[in-house]
Each structure stands twice: as structure tokens, then as C-alpha cells.
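Q:
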Amino acid sequence: MPRRRIRPVVALSAAALLALGGLGVAQAAGTADQPFTSAVFRSTHNSYSGDVDGAKGSLTHQLDQGVRFLELDVHDNGYAANHDYSIGHDSPGDAVDHAGNPASNLLADWLNAIASWSSAHSDHAPLVVMLDLKDNLTDNHSDADGNLTALNRELRNAFGSQLLSPSEYQDGATVDALRGKVLTLLSGDRTTRAEYRRDLGAHPAVAINGNGQIVEVHDSGHGTLWYWTGTYGADGTVTWLRHGYYDTGTTPAVTLNDDGWLVEAHQSDTATTLWSRVGHLDADGEISWSASHKYDNGVLPTVRFTSPTTVQEIHRSQSNEQNWTWNGELNTGAQTVAWSGNATTSSPRFDQSTSVSGTRSINVYNAADGATPADTLRYTTDQVDGGLIRYQQTAFDEYQQGDSAELAQGALFYGAPATAKDFILSARGSGHLVRGWDFDSADLATDPIANYPATNTPYESWYQTLLTGAVE
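In numbering that gives the first Met the number 0, the protein residues as written are 0 to 471.
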């Protein structure tokens, strides 16, 4: 039989208040129509570990007992074989309690278990599902390798309409307004959390076609080449769909036709050789790339479609300021370009940072924004100024004690060990939702208490007493 303990429903006695240092019941949790940011919720630390580490029980048992913050530690080990991430503390399967939980360590199974409970309890208070990323996902080179596009998709697949994204959250929202919603939160690896908010790069280039499809390419500044694909919306906002690594090199250029075929050119990262490759933009926003082929020597290549199947390339000599040109014929069957007509030209190189199709235009560039680095990738369209080239913000991104200032920009959720009382109090005072982890004794309580006092022992009498009145 699963362990079940009855939560107290009476107010604290004077003696209990004194024992808790004078702190009130869940900091006077108030009514459920109070602002979300002032509410207090039962929360667990390393929720997947059940009774292996602490005394929590299964995820559904925790949810049944009023827990509204769950933590899953996530690894990307084995993604290529499993096509999924894995749960565990130091490694997949480590400290995982399968009693009453999914039999596998695969993230999708655990998310689906939470989603099923949420669907069956549609009036629950907003539920936060935090993913503590134990690995750096930025070295996963594509969606197929398990980058953040794949993680976003997994969250959307699991929670569907239950999911509340950062763009849907309204400042001042009440608990009641968010009932039935699941908010996902990224914690853990700082490099991954930073890239989720913005991307960095050098020499960005862009192309847009008549269908509003967009391809952006850039180099890392360290000899690798990366792409983003997206779609131009009715309001001029670009929804960025896929991101990935595709080659080594620098100063890339790209052009895109209305059938989704693209021609890319770049300079070698170690020499003044020029290379091109063909790609095709698939319906899901992914690019199928052909092999890269050397076509000349030179620097700063640029390229444009001159018809649906012909392109012109203009680059500068590696020795002087002279520009040179090539004509190219696209072979979609072989996914190659046949280059011919190499000659000097007085024409300027194409502007690779800007692309226009009909009334639509897009410009890509680097710029800082507050604490955001100067090499942050940004875009402007004919309707939108200063957008970020980044992953869709499906999850919220936690700012933790000790993080860089850029991770604090716009962050709703803050986190720190429960012992960091000054940090917790300051964050609560500035209107953030605050998590204090390893909240394992009453003397760690602050006034006001963290919104999410994440404990390993949620059924201990001191925690039940302290959290009496917490919102469910």
C-alpha cells in the first residue's frame, strides 16, 4: 500500500508558531485567487528519487498529496540510441525510484505520467515541472542529436494545451487563472540555459523566400558553421524552428529559392579556400545537407539565386580588393552546383546580412542588450525591430544564485539552496517565484518563505505544519 499521511487542516498553535521561529502557516498562503508570485506551494527536491533518496513516494503520490513543484534530473547520454533523454542523478538511472513510477528512465515516460495526472485533475493549482539539466545540450549538433529543439518538442508533445509558455504568462496572474496549467522550467547547466535564451555567433547571413521561409547561417567565431531556420509571421515576427551545426569554416553566405532549395558558400577556417554545398529545407524546418565541395580560392563569399535553378557567387580575392564571380547551375537530383564562368567583376559583393522577398525583408546582425553579449544574434524585419534569434521559449529559464547577470534578465523563477536565506528574501521581495532546494528542516524557513520550499521529506510533520494552507 502506498504511504499516505493526513495533512493538518487546522491553524498552528502558538507553541508551533514559536517552534517555527514565529513563521505563519505557509506564510499566510491566503486565497487561491491571490497573485501567483505571492503563493506558496508544496515542492519536492529530486522528485524522481521517491523513497530511494528521502521519503517522497511516486510522482503521482506526491501530486495527490498536494505537491505542485516536481524536479526531474535529465541527461542526454544515450540520446542517439533512445531518441530521448534519461532521468537520473549522477547518471541515467542513478537514484531513480521506479516504484509507482514509469518502469523506464526515459524522460518522455515521466513527463507523460505527470501530464496524465494533470489531465485527470484539471482544477489543480499551476504545476511546475523543472528539468535540472545535468549535461550541456549545446554540444548536441542537431534536433536528431537531442538539442534544445528536441527538448522543446518533447515538452509540447507531453503537455499539449496544458502547457503555459513564458509568452502566455501574464504579470499579475492569479493562481485561479492558471489552474490546470503546467509550467516547465529549465535549471542546471548554465551554458545550456544561456543558449536557450539567446544564441551567439559571428558573420550572420540570411535568406528569405516567397513563402516566408527563412534560413540564417553564421560561424561560431571558432571555426564551426551553424544554421537556423524559421518562418516569417503575419506580424513580421520570425518563429525560429530548427538549429544545428553543418560544417567547419567562416564567413558563410546563403540563398534560398521558393522550392526550399538553398545554396551555401563559405571560406575555410584554416585557409583561403572557398566551399559550397546544397541543402533542402524540409516541411518541419530541418535542412537536409549535401556534401561540401571546394570551388575556388578567395575570401568573403556571397551568393544569390538569379532564377529558380541558377545562382551567382561574388567573392573577394585573397590577395587584393578585386572581386571575382562564378555562375552556378543547381542540380537538385544530385544536390550539387556546377560552377562556370569564373571572371573578375566590378560588381559589389551581395549583402548577405539582408534578404528581401516581395514586401518581406529581414536583416540579421550582432548586438548586445543590457548584460547580453555583443555577439548575440538578432534580427529585424520590415515590421519587427531587434528580435532574438533563439529557440522557441517553451519553458521558463531559472536564474540561480551565482549566475551571470544576463540570466537574470526577464527571469520569473529564481533558485538557490534553502540555506541562502538572504537571496531568497531578496528575490521574494522583488516579486519573483523562488525555489529553495534541500529545504529539510523548519529552521531554514524565511519570512516570507520561498514559494517553492523543495524538500526531500514532504510528509514530515514539521513540513506539513509549516505548509498547512499551501495552495493546491
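For each residue, glycine too, the CB sits at the ideal point set by N, CA and C.
Leu62 to Trp116, Cα distance in whole Å?
A: Put simply, the backbone Cα of Leu62 is about 8 Å away from that of Trp116.
Q: My output table needs one value for Met0: the three-state DSSP class, helix, strand or coil.
A: For Met0, the pLDDT reaches just 28, beneath the cut-off of 50, and the residue's location in the model is therefore unreliable, leaving the point undetermined.
Q: In this structure, how does DSSP classify Asn362 when only helix, strand and coil are distinguished?
A: strand
Q: Is the segment 426-434 in contact with the segment 223-230, if contact means three or more CB pairs nearer than 8 Å?
A: no
Q: So what's Leu466 in DSSP terms, helix, strand or just coil?
A: Correct three-state label for Leu466: coil.
Q: Tell me which same chain residues have a C-beta within less than 6 Å of the C-beta of Ser141, skipping the five on either side of it?
A: Excluding positions up to five away in sequence, the list reads Gly243.
Q: Starting from the Cα of Thr190, find the closest Cα among Asn139, Leu182, Leu154 and Pro203 and give me that residue.
A: Asn139
Q: Determine the extent of the beta strand (DSSP E) in which Gly278 is found, giving its start and end residues.
A: Thr272 to Leu280
Q: Going straight from the alpha carbon of Leu177 to that of Asn256, what length do you get?
A: 44 Å
Q: In this structure, does DSSP put Leu19 in helix, strand or coil?
A: With a pLDDT of 44 at Leu19, under the threshold of 50, the modelled position of this residue cannot be trusted; read the value that follows with caution. DSSP places Leu19 in coil when its eight states are reduced to three.
Q: Grab me the residues of Asn76's own chain with a C-beta within less than 8 Å of its C-beta, minus the 5 sequence neighbours each way, in chain order.
A: Ser85, Ser90, Pro91 and Asp134
Q: Give the DSSP bridge partners of Gln266, in chain order.
A: Thr249 and Leu273
Q: Run through the DSSP bridge pairs and tell me what Val310 is partnered with.
A: In DSSP, Val310 forms a bridge with Phe304 and Gly327.
Q: Indicate the three-state DSSP secondary structure (helix, strand or coil) for Glu285 in the structure shown.
A: coil
Q: Can you tell me which of the three DSSP states Leu424 falls into?
A: Helix.
Q: Please classify Thr236: does DSSP put it in a helix, a strand, or coil?
A: coil
Q: Name, in chain order, the residues that DSSP records as bridge partners for Thr344.
A: Asn322
Q: For Asn97 and Thr183, I'd like the C-alpha separation in whole angstroms.
A: Inspection of the sequence shows that residue 97 is occupied by His rather than by Asn. If I take the Cα positions, the gap works out to 22 Å.
Q: Nearest CA to the CA of Ala410: which residue from Ala417, Asp402 and Pro416?
A: Comparing Cα positions, the closest option is Asp402.
Q: Just to confirm the assignment, what range does the beta strand (DSSP E) spanning Tyr413 have?
A: Phe412 to Pro416
Q: Do Ala94 and Ser57 have their C-beta atoms within less than 8 Å of each other?
A: no
Q: Starting from the N-terminal side, write out each stretch of the beta strand (DSSP E) that is 3 residues or longer and does not extend beyond the segment 171-199.
A: The segment 171-199 contains these whole beta strand (DSSP E) runs: 181-187.
Q: Drop a sphere of 10 angstroms on the beta-carbon of Gly357, count the other beta-carbons inside from all chains shown, and report buried for 16 or more, exposed for fewer.
A: exposed
Q: Let me check one thing: in DSSP terms, what residues is Glu215 bridge-paired to?
A: Val205 and Trp227
Q: Assuming contact is defined by CB atoms lying nearer than 8 Å, are Glu70 and Thr43 in contact in what I supplied?
A: Taking the C-beta atoms as reference points, Thr43 is found nearer than 8 Å to Glu70.
Q: With 16 as the cutoff for other CB atoms within 10 Å, does Thr454 come out buried or exposed?
A: buried
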